[in-house]
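Below is one structure, written out as structure tokens; the observations come after it.
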């Protein structure tokens, strides 16, 4: 009986093809919008996650705490020093790499070209901490690091700006008036999640950077990579204990340094984009509701148009529930059909959009199933009132209807 | 002797009133009807419009209920039944033929005939077989897959008759079955109804305006102002 009803409903949808199509359109657009929004949104979330993980996995960054804007502090401001780094290197059992670094944006010159690049003074551990490989050439040697020799590694952007496809190894570039020899090229890391070109960089030994570029012995940040299988929160706690000791912070006093956990930041940003996705999805959901009202409208028209048919059916012995089910199934089939077309359309839209925005295409099975269920539900909910109206018709009146 | 007296009554009206409106605007469509129709009778109902014959037909067909009085159908007080029970009663025991055929458009003849069987819950194979037989019965073999638009008026009315008899009902209610047909077609339809009345013992109650159509029935009830003005039975047959 139900199968029969579904068959009849499909037949009726087919017989009124144009009207059915126009009715479907509301649901199609609604479902397509929801599916496209959510698919693009989750692609963005995935993109943000992978961008942040490019910074390095299980990465913690230690920096000196800065006084807040009013100038009042609850701690004694103090720069990070070489002995903080030494203490961490010695005492931190849970770390894979500990690398001090200092950065400055300066002009870099090669031949007649000059560009502005981010120059970093650091050690080889920095590359480990940030999962960054040397593509050609080599990393620093121990003696270069200790002596602050004027050698440098360059990022992919600097390389292509200066050397094109030529070989940069052994060439000499000028960084802030002092020259240095290129000993290696870093692999490309692309743009960071914050929109920064991570390849427009020059790396040199920290002591050389301090002497020739910065002109002081400050250490901007210490990069710490947690050893495999160690929670970053454990490493964070350990860093805090060690630094409080070497920086002689009295018990009860606030830390004069900050430890940022990149994993946490990644999670926070991902959850922000997830919230965005949810909101966009909800807005798109409103159009689904409008589609549902469209279904109700057309079902009311359909019931009125087929008053005589309902009269015939009632006269020859259909019960109220038969008529109710007939129109309910028809509304459900209609909106379900719209839902399926909408899913196809939404996924294609999302496919095109993600390709254009170069973010991953991440369709979610659960969202698709939800969309199918929801469009069926819309059909039932919005089809119910018109169906009930049809079922409650007086057969005598209905048969008289022209 | 009245034929109705000899047979077991199928339909009994006992002081049936049907009133529309209230107070001053009150209209008595039926003003105390007392009639009984026996199993296997062929009855024509005539009368001017507004005489109450349509109201009486609706009550006979269990589509409507009296305001007061008793309408008995098959020993049941059908006037007191609820909507659902009357629907079941119609589906089991009553077939309908209308002036305007009332077939479902864009639906084949055989599908139209199957319709009452669907609501009876008959399995599709059996349904198809019964519908084919019914169509053959009314002389429409070979037209099973035609839609109403592809059939003439007379053929459409035959499909409607097939739909009415496919459930093997006890009673056939025909509301001006020849109203939309020319004379030749009308007589074909009436011959068909007469045959069904004779062969199957089908009780037929038919409303008509035309005397020559009414003459096919053995008994004629004339309505006037909500009452049965005359009840005549032709004596030539029986």
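Protein chains in written order, with my numbering: chain C, 3 to 404; chain G, 4 to 241. Even glycine gets a Cβ: it sits at the ideal position worked out from N, Cα and C. Computed from a predicted model, the values in this text were never measured in an experiment.
Exercise. Between which two residues does the alpha helix (DSSP H) carrying residue 371 of chain C extend?
Worked result: 367-393
Problem set entry | Simplified DSSP state of residue 142 of chain C, which is helix, strand or coil | coil
Problem set entry | Beta-carbon contacts of residue 222 of chain C that lie in its chain and below 8 Å, excluding the five residues immediately before and after | 65, 82, 103, 104, 105
Exercise. Should residue 47 of chain G and residue 220 of chain G be called a contact, given that it needs their Cβ atoms to be closer than 7 Å?
Worked result: yes
Exercise. In chain G, which residues lie less than 8 Å from residue 397 of chain C when you measure between Cβ atoms?
Worked result: 66
Exercise. Within 10 angstroms of its Cβ, does residue 11 of chain G collect 16 or more other Cβ (buried), or is it exposed?
Worked result: exposed
Exercise. Which value, in whole angstroms, describes the spacing of the CA atoms of residue 219 of chain C and residue 211 of chain C?
Worked result: 9 Å
Problem set entry | Interface flag, residue 319 of chain C vs chain G, CB-CB below 7 Å | yes
Exercise. Residue 229 of chain G: buried (16+ other C-beta within 10 angstroms of its C-beta) or exposed?
Worked result: buried
Problem set entry | Contacting residues, own chain, Cβ-Cβ under 8 Å from residue 57 of chain G (five flanking each side not counted) | 178, 210
Exercise. Taking 7 Å as the CB-CB limit, is residue 89 of chain G close to chain C?
Worked result: no
For this session: Put residue 190 of chain G into one of helix, strand or coil per three-state DSSP.
Result: helix
For this session: Determine the direct distance from the alpha carbon of residue 14 of chain G to that of residue 5 of chain G, and round the result to whole angstroms.
Result: Legend: pLDDT at residue 5 of chain G = 47, less than 50; position of this residue unreliable, no value from coordinates given.
For this session: Under 7 Å between beta-carbons, which chain G residues line up against residue 311 of chain C? List them in chain order, please.
Result: 107
For this session: Tell me whether the beta-carbon of residue 70 of chain G lies closer than 7 Å to the beta-carbon of residue 22 of chain G.
Result: yes
Problem set entry | Exposure of residue 124 of chain C, with buried meaning 16 or more beta-carbon neighbours within 10 Å | buried
For this session: Could you confirm whether any beta carbon from chain C is found closer than 7 Å to the beta carbon of residue 93 of chain G?
Result: yes
Problem set entry | Where the alpha helix (DSSP H) containing residue 152 of chain G begins and where it ends | Residue 152 of chain G -> no alpha helix (DSSP H), and no H or E assigned at all.
Exercise. Apart from the five residues just before and just after residue 392 of chain C, which ones in its own chain have a Cβ nearer than 7 Å to its Cβ?
Worked result: 305, 312, 325, 329
For this session: With residue 16 of chain G as the anchor, note down where its alpha helix (DSSP H) starts and where it stops.
Result: That residue, residue 16 of chain G, is in no alpha helix (DSSP H); its beta strand (DSSP E) goes 12-23.
Exercise. Rounded C-beta distance between residue 94 of chain C and residue 224 of chain C? I'm assuming under 8 Å.
Worked result: Not really, about 10 Å apart at Cβ, beyond 8 Å.
Exercise. Is residue 122 of chain G close to chain C, meaning its C-beta is less than 7 Å from at least one C-beta of that chain?
Worked result: yes
For this session: Kindly indicate the opening and closing residues of the beta strand (DSSP E) around residue 234 of chain G.
Result: 230-236
Problem set entry | 7 Å Cβ cutoff met for residue 134 of chain G and residue 153 of chain G | no
For this session: Give me the Cα-Cα distance between residue 101 of chain C and residue 121 of chain C, rounded to the nearest whole angstrom.
Result: 15 Å
For this session: Starting from residue 17 of chain C, find everything on chain G with Cβ-Cβ shorter than 8 Å and list it in chain order.
Result: 109
Exercise. Is the Cβ of residue 229 of chain G closer than 7 Å to any Cβ of chain C?
Worked result: no
Exercise. Rounded to whole angstroms, how far is the Cβ of residue 45 of chain C from the Cβ of residue 276 of chain C, which I believe are closer than 8 Å?
Worked result: At roughly 12 Å, the Cβ-Cβ gap does not stay under 8 Å, so residue 45 of chain C and residue 276 of chain C are not in contact.
Exercise. Would you say residue 8 of chain C reaches chain G, if we count a Cβ-Cβ gap shorter than 7 Å as a contact?
Worked result: no
Exercise. For the region 149-167 of chain C against the region 253-272 of chain C, are there 3 or more C-beta pairs whose distance is under 8 Å?
Worked result: no
Exercise. Would a C-beta distance cut-off of 7 Å place residue 270 of chain C and residue 35 of chain C closer than the cut-off?
Worked result: no
Exercise. Would a check of beta-carbon distances place residue 324 of chain C closer than 7 Å to chain G?
Worked result: yes
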